[in-house]
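Some notes on the structure that comes next.
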Amino acid sequence: MGRLLRKPLGGIHTADCQIDADLYGWAERLRRDNAPSTVRLKVRCARTCFELLGRYDPEGVVTEDLDTVYGMLPPSTEMNKQRYLRYFGDFIGFLTGRDVYREYESVCRGECDTSGIGCPYDDELDDWAEWMVSHGMGPMNAGTHRGLARRGLLHLLRTHPGIVPSDIGADHILEVSEQVGRDPGCGNKVANSLARFAEWSGAGAVQAQFHDLRTFGIWSSRVFSGKFGDRIRSYYDHMIEFRYRPSTCQSQVNSVVYAIRVIESVIGDFELEDITVEDLRDVRYEQDRVSELTLRTYLTVFGQFCLHAIGRNPYSDRLMRWNEGIVQSRIFLSDDQWAEIVQNADPTERIVVVLGSLMGLRKSEMVNLMVSDVGDRTLHVCGKGHGHSGKESELMLDEDTRYFIDQYLEYRAGVLEGCGDFSYGRLIVCDSGTNAGKPFTPEGIASMIRRFSDRLGFRFSCHCFRRYYATSLYEDGVDQNMIRIMMRHVKLDTTLNRYINVNTQRILKAQERIGGRMRKVLTA
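The opening residue of the sequence shown carries number 65 in my numbering; numbering runs sequentially from there.
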């Protein structure tokens with residue numbers, strides 16, 4: 065067919081081919097009321113439809129041809145496909161005077177199937193339409209609802225002879241939405257209008273029930289599909305049978321589905337029968353997308369699901385204790401790794417490393433730091449907690465940390481001079497890209513450190529610097545309660561179990577001391 069457009073705004077290129085000539089004439093007509101881009105779009109859609117149809121015969125195009133073109137259009141949204149067909153119909157109407165798209169739409173929505181069929185409830189439908197008008201609805205909208213409800217009623221009377229409007233339930237409405245017309249949107253419109261009429265006739269709140277059923281259908285098609293779909297559906301039915309609330313059952317199933325995704329991301333494809341305690345330990349130690357408490361909840365629900373599905377719970381407190389004292393799942397930096405990080409960091413990355421590993425700041429605390437918070441010997445920090453500022457603390461600044469901050473302030477001044485000051489007084493600002501000169505978000509800092517980690521070739525995150533801070537204090541012999549205060553923790557248990565890494569050498573020395581004590585006792 066050749067290219068559709070030969071000039072940016074020139075419309076159709078005239079050629080010997082008849083379709084080019086007709087499209088050119090249509091484009092000239094469209095130019096009177098449409099922008100050039102709209103003209104090009106309509107012409108392109110019409111040409112594409114004829115190419116998919118395989119022949120150029122505007123007089124011979126019928127509704128079945130539009131249905132054929134609809135099935136051949138590339139995968140896209142329903143709205144986009146309908147736009148192609150509408151412009152295709154507009155072009156045929158320009159040439160022949162027939163509204164073929166309107167004919168196609170009528171067939172799809174079933175209007176031609178019901179126009180000549182009598183309905184035993186036409187009088188009630190008329191009364192309902194008058195009632196809607198008397199309550200403020202426009203006559204045209206009321207008539208539309210009446211027609212849609214009538215079509216739904218005719219469908220129900222064919223499938224459920226003798227049904228009366230007051231006996232229509234949500235399951236009947238759902239049936240109508242799924243089976244009326246070839247256009248899903250049409251089925252929903254008919255169903256909603258029929259539900260309104262049924263409620264007016266005394267059927268109860270069927271519209272709300274229908275929406276709940278449809279929502280459940282969408283949810284169930286998502287969670288009850290895939291490899292474990294049948295077993296998950298059985299687990300859901302089992303909970304419903306034991307009279308759990310539907311919302312609780314859906315929440316439990318969602319947790320099972322998410323747990324399966326987390327497990328697959330760590331150990332790959334698996335069978336429920338093959339899951340072992342060691343597999344779940346690997347999941348615990350190697351994933352870092354959710355908190356440990358959340359993961360424990362997911363795996364607990366997953367264990368209950370396995371107990372129902374295969375009769376065995378691989379996650380059990382008796383077999384797998386979630387020992388907070390074992391912190392293998394957390395990443396702790398060695399001194400050599402920390403030195404490599406500092407030496408290879410750019411100025412923005414370095415200030416994050418310094419504030420995390422020398423001051424113990426969280427990334428959320430770093431992004432809230434103002435330049436005015438930096439004093440001669442103190443650093444004002446707005447930390448975690450409730451309220452606008454959270455817990456506020458005055459931390460002591462040592463000379464080395466102050467030196468790094470002064471270096472960064474000089475670099476920051478150069479960044480803001482080059483791209484403009486959009487920092488709102490924040491200490492740490494972006495130094496490149498479209499956000500240059502703007503303050504960081506916690507997610508932005510986390511992403512920056514993640515990219516830095518990928519660049520160096522070993523794993524670490526922002527929170528690793530805070531763990532390094534606590535472990536360094538412990539290795540230097542600082543009192544445990546003092547470490548808790550410096551970490552700004554309420555409980556000492558949090559500091560000891562989550563932030564301090566006791567290295568193997570210290571454990572070996574402690575074991576040797578107790579062994580030496582036993583020898584002394586036995587030889588005395």
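The beta-carbon is built from N, C-alpha and C at its ideal position, and this holds for glycine as well.
For residue i, is the classification buried or exposed, using 16 other Cβ atoms within 10 angstroms of its Cβ as the cut-off for buried?
{"i": "W90", "result": "buried"}
{"i": "V495", "result": "Val is not the amino acid found at residue 495; the sequence shown has Asp there. So D495 ends up on the buried side."}
{"i": "R210", "result": "buried"}
{"i": "K584", "result": "exposed"}
{"i": "I324", "result": "buried"}
{"i": "Q243", "result": "exposed"}
{"i": "M551", "result": "buried"}
{"i": "R548", "result": "buried"}
{"i": "F280", "result": "exposed"}
{"i": "H219", "result": "buried"}
{"i": "M136", "result": "exposed"}
{"i": "D129", "result": "buried"}
{"i": "G467", "result": "In the sequence as displayed, the identity of residue 467 is Tyr instead of Gly. Label assigned to Y467: exposed."}
{"i": "V554", "result": "exposed"}
{"i": "I598", "result": "The structure shown does not extend to residue 598, since the chain is modelled only from 65 to 588, so the question has no answer here."}
{"i": "S329", "result": "exposed"}
{"i": "W283", "result": "exposed"}
{"i": "V125", "result": "buried"}
{"i": "P248", "result": "Because the pLDDT of P248 is 49, which lies under 50, any placement of that residue in the model is unreliable, and the question is left without a value."}
{"i": "I304", "result": "exposed"}
{"i": "T587", "result": "exposed"}
{"i": "Q146", "result": "buried"}
{"i": "P503", "result": "buried"}
{"i": "L520", "result": "exposed"}
{"i": "G357", "result": "Sequence check: residue 357 is Leu here, not Gly. When all chains shown are included, L357 counts as exposed."}
{"i": "T223", "result": "exposed"}
{"i": "V542", "result": "exposed"}
{"i": "F306", "result": "exposed"}
Less than 7 Å between the beta carbons of residue i and residue j, yes or no?
{"i": "I509", "j": "V445", "result": "no"}
{"i": "A534", "j": "I513", "result": "no"}
{"i": "V254", "j": "V320", "result": "no"}
{"i": "I227", "j": "F274", "result": "no"}
{"i": "L189", "j": "S257", "result": "no"}
{"i": "A373", "j": "R295", "result": "yes"}
{"i": "T465", "j": "L397", "result": "no"}
{"i": "G630", "j": "L473", "result": "The shown model of the chain, from 65 to 588, leaves out residue 630, and the question about it has no answer."}
{"i": "Y300", "j": "V326", "result": "no"}
{"i": "T160", "j": "P122", "result": "yes"}
{"i": "Y362", "j": "Y322", "result": "yes"}
{"i": "G420", "j": "R297", "result": "no"}
{"i": "W402", "j": "Y488", "result": "no"}
{"i": "I395", "j": "F524", "result": "yes"}
{"i": "V240", "j": "G207", "result": "no"}
{"i": "I83", "j": "Y134", "result": "no"}
{"i": "R476", "j": "L461", "result": "no"}
{"i": "V103", "j": "L94", "result": "yes"}
Below 7 Å CB to CB, which residues in the same chain sit around residue i once its five sequence neighbours on both sides are set aside?
{"i": "A262", "result": "P229, I232 and V270"}
{"i": "R376", "result": "C370"}
{"i": "V406", "result": "R414 and V417"}
{"i": "A234", "result": "V270, Q273, F274 and L277"}
{"i": "Y538", "result": "I547 and I564"}
{"i": "I203", "result": "Note that residue 203 corresponds to Pro in the displayed sequence, not to Ile. Cβ within range, chain order: V197."}
{"i": "L221", "result": "I227"}
{"i": "N252", "result": "S241"}
{"i": "T340", "result": "P378"}
According to DSSP, which residues form a beta bridge with residue i?
{"i": "R286", "result": "In the DSSP output, where bridge partners are listed per residue, R286 has none listed."}
{"i": "M434", "result": "R490"}
{"i": "E456", "result": "C446"}
{"i": "P122", "result": "Answer by DSSP bridge pairing: none, since P122 is not bridged."}
{"i": "P503", "result": "V493"}
With a CB to CB cut of under 6 Å and the five nearest residues on each side skipped, what residues in its chain are close to residue i?
{"i": "S428", "result": "P506"}
{"i": "G157", "result": "D163"}
{"i": "S265", "result": "P229 and S230"}
{"i": "A193", "result": "A206 and R210"}
{"i": "H452", "result": "Here H452 scores only 45 on pLDDT, less than 50, and its place in the model should not be relied on; the value that follows carries that caveat. Result list for H452: empty, nothing under 6 Å."}
{"i": "E463", "result": "none"}
Spatial neighbours of residue i within its chain, please: CB distance less than 8 Å, with the 5 preceding and 5 following residues excluded, ordered by chain position.
{"i": "F288", "result": "D294, I296, R297 and Y300"}
I want to know whether the segment 93-109 touches the segment 146-155 - three or more CB-CB distances under 8 Å.
yes
Kindly confirm or deny that the segment 487-506 and the segment 415-435 touch, where touching means at least three C-beta pairs closer than 8 Å.
yes
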